[in-house]
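In the numbering used here, the protein residues as written are 5 to 109. The block underneath contains the structure these notes are about, expressed in structure tokens.
Structure, rendered in structure tokens:
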């Protein structure tokens, strides 16, 4: 009975050394449109033309929240402490949707 208790007490200080995941970066990157829909403007698909915008397909290097940099012609590096708020393909789709909505009314 003393041996399991001794092992448990000996391992207790080690629990502070275990980390589950990296610390979040101080800031997250995002994309915003320069063309915003006017405040109070109604959008109604019944009275105007509609289009559907899909989330674009991107290479695997861009399908992550990390920010890639083309280091050489055949290698990619990731910027330290830089992270997108969500995958860039979704950010771009939202940016494109907001821009189209603002410019077409």
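All residues carry an ideal CB built from backbone N, CA and C; glycine is no exception. Values in this document were obtained by computation on a predicted structure and should not be read as measured data.
In or out: residue 92 buried (at least 16 other Cβ within 10 Å) or exposed?
-> Here residue 92 corresponds to residue number 88 of the chain shown, with the count starting at 1. Answer is buried; the Cβ neighbour count reaches 16.
Compare the beta carbon distance of residue 89 and residue 32 with 8 Å and say whether it is the shorter of the two.
-> Mapped onto the chain shown, residue 89 falls at position 85. Mapped onto the chain shown, residue 32 falls at position 28. For residue 89 and residue 32, yes; Cβs fall inside 8 Å.
Cα separation between residue 51 and residue 39?
-> Locating residue 51 in the chain shown gives position 47, where the first residue counts as 1. Locating residue 39 in the chain shown gives position 35, where the first residue counts as 1. Cα to Cα, residue 51 sits roughly 22 Å from residue 39.
Residue 37 and residue 102 closer than 8 Å at C-beta = Stepping through the chain shown from its first residue, residue 37 is reached at position 33. Stepping through the chain shown from its first residue, residue 102 is reached at position 98. Yes, these two residues count as a Cβ contact at 8 Å.
Delimiting residues of the beta strand (DSSP E) encompassing residue 71 | Working through the chain shown from its first residue, we reach residue 71 at position 67. Per DSSP, residue 71 belongs to the beta strand (DSSP E) from 70 to 76.
Residue 86 versus 41, 70, 44 and 47, residue with shortest Cα-Cα distance | Counted from its first residue, the chain shown places residue 86 at position 82. Out of 41, 70, 44 and 47, 70 has the C-alpha closest to the C-alpha of residue 86.
Which one or two residues does DSSP pair with residue 9 in a beta bridge?
-> Mapped onto the chain shown, residue 9 falls at position 5. Residue 9 pairs with nothing; no bridge assigned.
Run of the beta strand (DSSP E) containing residue 86, from where it starts to where it stops = Locating residue 86 in the chain shown gives position 82, counting from the first residue. Counting along the chain, the beta strand (DSSP E) containing residue 86 begins and ends at 79 to 87.
Looking only at DSSP bridge pairs, what is residue 33 linked to?
-> Indexing the chain shown from 1 puts residue 33 at position 29. According to DSSP, which records beta bridges pairwise, residue 33 is partnered with 88.
Give the secondary structure of residue 62 by DSSP, where H, G and I count as helix, E and B as strand, and everything else as coil.
-> In the chain shown, the residue the question calls residue 62 occupies position 58. Residue state, collapsed to three classes: coil.
Would you please state the rounded distance, in angstroms, between the beta carbons of residue 73 and residue 67? I believe it to be under 8 Å.
-> Here residue 73 refers to the residue found at position 69 when the chain shown is read from its first residue. Here residue 67 refers to the residue found at position 63 when the chain shown is read from its first residue. Their Cβ separation, rounded to whole angstroms, is 16 Å, which puts residue 73 and residue 67 out of contact at 8 Å.
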